[in-house]
Each structure stands twice: as structure tokens, then as C-alpha cells.
Amino acid sequence: MSQTRVTIAVGVLGALALALGGALGLERASHGLDAVVEVRNETGGFPLHHGFEPRPLFANRHRLNAIVLQKWNFRAHPIPTGPVPYRVTLSGVLEVPAGAAWTLRARGAPHTTLRIETQSENLAAGAHPLTLVLDATFPRDASVALEYQDANAPSAGFSPVPIESLRPATPQTLLRSTALPWWLGGAALFVVCMGLLATRDEALFRRRAELAVLLATLTFGLGARLFDYTVMPEYSENADELFATWNGFQLLTDGSTRGWSLWAGAYEGRVAVEHVPYFEGRPFDVIRPYLEHPPLLHVLAGAAAKLGGARSYLEARLTHTRLVPIALFVPTLLLLFGIARRLFPSGRTPYLAALLYAALPNLIIQQRVIKEEALLTPMALLGVYLFLRWDAEEPRRDRLIWAAAFVTGLGALAKVPGAFFLPPLVLLFFLRGGLRPALIACAGGLLSLLPLLLYGAYVDWNLFVFSTVHQASGRPAHWNLFPRFFADGLINHNLVGHGHVLFVWLGYALAFGKLDDARRPVLSLPPLIYMAALALSSGNWTFGWYILPVMPFVCLGAAHFLDDLLERPTFFGGLVLFGLLVMYGFNFMHDLPWAMEAPGWTVLRRIITPFMLVTLVPFVVAEAWPTTLSRRLARLMTGAGLAVFVVSSGYFALHYETLYETHRNFDRMVHFDR
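Using my numbering, the first residue of the sequence shown is number 1, and each one after it goes up by one.
Rendered as C-alpha cells:
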């Protein structure tokens, strides 16, 4: 297809997608209810939040808790030291469809009160005022369910009121629509891509088209990470986010260190311990000085808190601080793409690697969390990228060796295990250049560790040594250290993502047989040496953020496997793609109780059987009778599988608030794991 036709096709499809998406999105965003949230106390209470809520039927506590926590006025009210009673008033208009007569009922969570304060029986067709009042307590469970029964079909029982039947008393203007920022983002991407494609130079068009694909992938990944980022993971699911922010805020305030500790008692008088309540009854053991983690990411989170208006460390909001790890996704993806382009200058591998890294559901959710790995990952990738630049240049320049080693070792200032990336980097320089480059890299790496040591000496050297040793050796070890990394998907502590993790690891392993001696060490040494060292130091403590620095390399290997599958379709490759990456995502698109009963699994079998035939037979045919047509069909099926994966990943990100409750620890559910 000529470049003119490609540009026209992209323009037409993009314009249609924008028009359809805008119409559907703006229409959907016009439905909802006005919400008023008030804190209740012995003096009556005070208002906390007032605004339009496009998702007023809260399935669980998560968005309600986020409203209380992120909207709290620290300047007007003290920080709560225990549970917070609150009231949510939802008001608007209920539209009963023509020919119906509804009776409403409201259902809330246990230990909450949910009532309908407007007429709820014998509602004729047309518009009716609606007011719902929820009394609940932060951070306990709460929900808002509104159901109707049609008097003209009483045997049907009660059903959830569709969101299309709810609208605010005063319609939302276009400028205040919650869908407008997302549509504007899509429109900006469309305009930029069309501008890139507007050239008649064939070589320039190809380069710009590749850039447009990368921008689209980056936009998808960034948008998925930003959706509900203040809600999920919930604020208390990973309290490490608090010590990271608190320590960074304190460092920027007066140069001292502060953070909560899980083992404050182990210090035996070496630190000052303060019991700090924070929105819950369980106080945090906040210690000063704090040296359990190095400060590089903490300073970024603290800066975000200060820019967000926090006056003390306890006033930091996830609304501001979580933007740090989400923003770090951008250089991480670009560095991954840059490494892939140097290793695979031709072919689709760089774009497939970017797609996998941007769209894997575990990475989408986990990369919202303020953890040191968010900064360590791009620093490690930058070291590898600089090594590849050095290797490609003629003559080779020593300054790139120094830069690669220094930025890699400096990762230890983000998290101490970042130093584990130094030995494989030195080994790469040795393999490609001999002893002299390796010695320079070793010297640069040792020099880069000085900032961490100077930081420890500045605060308290003896305490720094004690904290570091205790962190690295205080966890039980066992012989089963490695299977968890290959088989278990994790988001913080939630065991989910098994199929996706298996796919990328299998693809990574299968890609090794296709690599030459120059590329194989780059893909194997940094991630695997880091993982081996981390497995030993982490013991039986495994969390979702531990594997993050390894995943770009694994995604790159899996992407090369996919590229090879597109070139040479095989049945095994198709089975791995559809059986793991694609089919696993469908588990999160239906109710589990229904799937676990005979009527449900009967329906599923009727769907799964033809699905497997349609998706896998083309690969069998392409392998048995490798004609141009059979290969083309298999490639088409591979592309369709990747498209379905992106859609299911987007669905997962959009619905993780409810999936966290309905599918928690899904990979350990016996019905699906036997």
C-alpha cells in the first residue's frame, strides 16, 4: 500500500474513532448524579467534597475511601487518628423508560445505612427526582447499589438501574464533562500522527510512521496508568508509599530523614521512635533518622508533595505523589524502545516490546505505586543503552563507559539492590571489549556508589550499615526462591497475572534460540543476575514491585518471539500466544460465581471450543502447509490476538477497582488453578 493510501486510511479511521469515541464518551459522561460528601462528628460535621459523579453506583469502598483521603482539607481540619464517619448524598434525576413502572430499592454494604429519600414506588415513565443517602465509615467497606423492579414484569425480579437512567439535575456542560480530557488527549495524538505522516518522502514517511506507532503505544500506556490512579491500588494496600513520600518531604524540608519502619523495635535505641496515627487506629512507627531505603526516588515524591501544597509530610496526597512513578514510565518505555532498536534495527521487535510493556495489566497497575523500582528501572536501562551506543561506535569512546557505569551504579541511590546491575554491565564490557573497558566500567561503578556511601555517612554511618544489613538478611530463605518469579503474577500482594507472566517468560526463553552471541548476553545477564541476587536477599518476601526492573528485558525477549511468530508461524507459538496472553485476559470479563456453576461453564465451553478452533487452526495449517495464503492468515490471527490483548488489558485497567474484590488472588482459586 502506498504511503498516500496509508495516510488516508489512518486519517479516516482515526477521524471515525474520534467521532464515535467522542459521541459515546460524552454521552456516557453526561449520566450520573451529583455527589456531596460530608464528614460526620459530634458537632455535626463539615463538607468534604461536592461534585458530579459519573459512576455513582459504588461497587465497593475504594473510590469512596479515595474521596475521603484525597479531598481532606488539612488546613481546616486535623488529620484523623481513627475511623472517619461520613455521609454521601447522591441527587439527580431518574429516567423511567416508556411503558415501564418502576419500584426502587437500595442495597448497601453491612454496617452502613443506605436509603432512598425520594419517592421509590410506582414510578411511571418519565423523569423523577432521586436522592440517595449513604452513611458509612472510612476505611470500612461501603457500597451503593440501586435496583428496580418493573411492575409490568414482576416475575423478572429486581435488576440494577442502568447508568443511562441517571442524570444530574443540571446537565453537565461540555467543558465540565469528565470525558473531555480523554477525548482531547486522543485528538492531540491524532493531530500529531497526521502531521507526522504528511510527507511525500518515502524514507521520511517510514521513520515518521514508526514514531507515530510509538507515540500511540506510549499514549495508551500512559492513559491506562492514569485512570483511577488515586484509587487503585488503594492507599493502604502498600504503605511503603508513605515512608517514601515522608522521607523525601523531610529531606527537602530540613535535610533530615524520617519514615515509618516495620521493625522499629529492632533498632534498640539507635533511633527516635514516634507513634503517628494516620487516618486509621493503627499508628505508624515513624523513626528518625531513617536509612532503610536510599533517598533518590523519595526526593522526587517529596517534591511532588510540596508542589501539591503539602505543609507537612502527613499532608502529602497520592493525587500528586503517584504522578512520579507514572511519569517515570515514559523514559522507561523510550529507553526500552531505544535498546530494542539497537539490538533489532530492522523488524517489528521494538514496537512489540513497547506494546507488551505498555499493555501488560500487572505493569499498568503496579507502575502507579511509589516504589524505588520505578526509578531504578530506567536507570538500569540507561546503562545498557549507553553500553550499546559504545559498542556500536567506531572508535569507541571511554566516556560512554564511564557514563554507563556511573548511571547504573547510581541506581543504588534509588534502591540498594540497584548495585546488582553493575556486575553484569562490567561483564558486558569485558565480553565486547576485553579487560580495559571492563576495568574502566568497574572503576566507574565503584565511583557511582560513593553518593550512597556519603549519604549514609552524612546521616549516620553505623545506623546506615545496621539498617542495610537488616534489610538484606532479615527475611527467611528457602530452596524455592525462583519458581515464584517465573510463574506468579503479582500486583503488590494480589496474586493475579499468571497467564501473562508465563507468556512473557516463555517468549523470552524461546527467543534465545534465535539470538546471536552479541545480543544474547545483553538480554540475559542484566535481568537474570539482578533477579538471582534479589531472590536471595528477598527470601520468602515477594511483592509485585520486585520484578519491575527485570520486566523490560523479558518483554523485549517476548517481543522478539512474537516477531519471529509473525515471520514463521508455528502451532506452538500460536498456542502460547492465544492460550496464555489472550485467553487469560478473558477471565476478568465475566463473573466468577457464574463461571463456577454448571450453567456458566456450559456456556463457556460453547464459546471456548469454537474460539480455539478459529484461532489455532490457522497456525496448524501454516506449519503443515506453509503457503503464502496460510502464513498470511496466521499473521492476521497473530495481529488479531495482540489487538484483543490490548482491549482486555484496557478493560482490566478500567475495572481494577471491582476486579480487585471479585478476582483477588485469582491465580490461587482452586476452580481455575487445578
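Heads up, the beta-carbon is just placed ideally off N, CA and C, and yes, glycines get one too.
Small disclaimer: the values here were computed from a predicted structure and weren't measured.
Distance from the Cα of A125 is smallest, within the candidate group L94, L132 and V144, for L94. Taking 4 residues as the minimum length, the alpha helix (DSSP H) runs contained wholly in the stretch 352 to 434 are 361 to 366, 373 to 392, 398 to 409 and 422 to 433, in order along the chain. Residues of the same chain with a CB within less than 6 Å of the CB of A533, apart from the 5 flanking positions on each side, are F420 in chain order. The alpha-carbon of S120 is positioned some 10 Å away from that of P129. In the DSSP assignment, I116 is bridged to L132. It is roughly 6 Å from the alpha-carbon of G108 to the alpha-carbon of A145. In this structure N494 is buried. Its beta-carbon is surrounded by 16 or more other beta-carbon atoms within 10 angstroms. Taking C-beta atoms under 8 Å as the contact rule, N247 and P295 qualify, at a distance of about 6 Å. Between T408 and L388, the CB-CB gap reaches or exceeds 8 Å. If you look at V273, you'll find it in the beta strand (DSSP E) that goes A272 to V276. If you draw a straight line from the Cα of V88 to the Cα of E38, it is about 7 Å long. Taking the Cα positions, V504 is about 15 Å away from Y351. Comparing alpha-carbon positions, the option among P423, L450 and G433 lying closest to L410 turns out to be L450.
Excluding the 5 residues flanking it on each side, P378 has same chain C-beta neighbours closer than 8 Å at L328, P331, T332 and L335, in chain order.
Annotated three-state conformation of F543 is coil, per DSSP.
One Cα belongs to A653, the other to P437, and the distance between them is close to 44 Å.
Under the three-state reduction of DSSP output, W102 falls in the strand class.
Residue pairing for I67: DSSP places it in no beta bridge. Taking a contact as a CB-CB distance under 8 Å, the pair I364 and S648 does not count as one, their CB atoms being some 12 Å apart. Under the three-state reduction of DSSP, Y458 is assigned to helix. A109 carries a coil assignment under DSSP once its states are collapsed to helix, strand and coil.
DSSP places E147 in the uninterrupted beta strand (DSSP E) bounded by A145 to D150.
Under DSSP, F666 takes part in no beta bridge, so it has no partner. Look at G302 here: in three-state DSSP terms it is helix. Assigned with DSSP and collapsed to three states, F52 falls in strand. The three-state secondary structure of G82, taken from DSSP, is coil.
For A35, the enclosing beta strand (DSSP E) covers residues L33 to V39. Inter-residue distance for V84 and A35 is about 18 Å (C-alpha atoms, whole angstroms). Between the stretch 287 to 307 and the stretch 248 to 266 there are three or more inter-stretch CB-CB distances shorter than 8 Å, so the stretches are counted as touching.
One alpha carbon belongs to A224, the other to A380, and they sit about 24 Å apart.
Taking each of L175, P97, L166 and R167 in turn and checking the Cα distance to A151, the smallest one comes out for P97. Taking C-beta atoms as the reference points, G507 and L566 fail to come closer than 8 Å.
Judged by DSSP secondary structure, F284 falls within the beta strand (DSSP E) whose first and last residues are F284 to R288. A Cβ-Cβ separation of about 18 Å leaves L592 out of contact with H500 under the 8 Å criterion. Per the Cβ contact rule, the stretch 23 to 33 is in contact with the stretch 167 to 175 (3 or more Cβ pairs under 8 Å).
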